[in-house]
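Heads up: the structure comes next, in structure tokens.
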Amino acid sequence: QVQLAESGGGLVQPGGSLRLSCAASISIYRINAMGWYRQVPGQQRELVAVITRGGATDYADSVNGRFTISRDNAKKTVYLQMNSLKPEDTAVYSCYVDVIETFRYWGQGTQITVSS
Numbered sequence: 013q014v015q016l017a018e019s020g021g022g023l024v025q026p027g028g029s030l031r032l033s034c035a036a037s038i039s040i041y042r043i044n045a046m047g048w049y050r051q052v053p054g055q056q057r058e059l060v061a062v063i064t065r066g067g068a069t070d071y072a073d074s075v076n077g078r079f080t081i082s083r084d085n086a087k088k089t090v091y092l093q094m095n096s097l098k099p100e101d102t103a104v105y106s107c108y109v110d111v112i113e114t115f116r117y118w119g120q121g122t123q124i125t126v127s128s
């Protein structure tokens, strides 16, 4: 059973920054891609950012240039640095990992609220 532990959510003012972390319970060598989705109630889930095993990254147009995804293989952790946050970034953010030759596993989700 793969477990993902998320941390770093909370309330921030517009223009502020937050960093999300997601630590995996398995060897980094079993992990392919890692990433983050977000969801607002009543709306479709949106892929925010992804980082591949080789370190390639991709972002949603809505966050490109403001968010940065990275991974620390020694800590088996993926990060999402979020800068210049906007009220429309308010959502539940969930991390995921794609384990090689098995399944996608999800974190528990963490609320990000951008409000003054």
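According to the numbering used here, the sequence shown is numbered sequentially starting from 13.
Ideal Cβ positions, reconstructed from N, Cα and C, are used throughout, including at glycine.
- prompt: Looking at ALA45 and ASP110, is the spacing between their C-beta atoms short of 9 Å?
  reply: yes
message: Beta-carbon within less than 6 Å of ASN85's beta-carbon, same chain only, minus the 5 sequence neighbours each way: which residues are those?
response: ILE40
field: Length of the line joining the Cα atoms of VAL104 and LEU23
entry: Using only the alpha carbons, I get a separation of about 12 Å.
- prompt: How big is the Cα-Cα spacing for THR69 and SER128?
  reply: 31 Å
- request: Could you tell me the boundaries of the beta strand (DSSP E) in which ARG72 lies?
  value: Here residue 72 is Ala; the residue named in the question, Arg, does not match the sequence. Unbroken run through ALA72: none, as it is neither H nor E.
- prompt: How should GLY47 be labelled, buried or exposed, when 16 other C-beta atoms within 10 angstroms of its C-beta is the threshold for buried?
  reply: buried
- prompt: THR114 to ARG42, Cα distance in whole Å?
  reply: 9 Å
- prompt: Do the CB positions of GLY50 and ILE124 come within less than 9 Å of each other?
  reply: For the record, residue 50 in the displayed sequence is Arg; it is not Gly. Cβ distance < 9 Å, so ARG50 and ILE124 count as in contact.
query: Which same chain residues, not among the five before or five after TRP118, have their C-beta less than 6 Å away from its C-beta?
result: When the five nearest sequence neighbours on each side are left out, the beta carbons in the same chain lying within less than 6 Å of the beta carbon of TRP118 are those of SER106, TYR108, in order along the chain.
- request: Under 8 Å by Cβ, that's how I've got ARG83 and MET94 pegged, so tell me the actual separation to the nearest angstrom.
  value: That pair is no contact at about 16 Å.
query: Is the CB of ALA17 under 9 Å away from at least one CB in chain C?
result: In summary, chain C is missing from the structure at hand, where a single protein chain is found.
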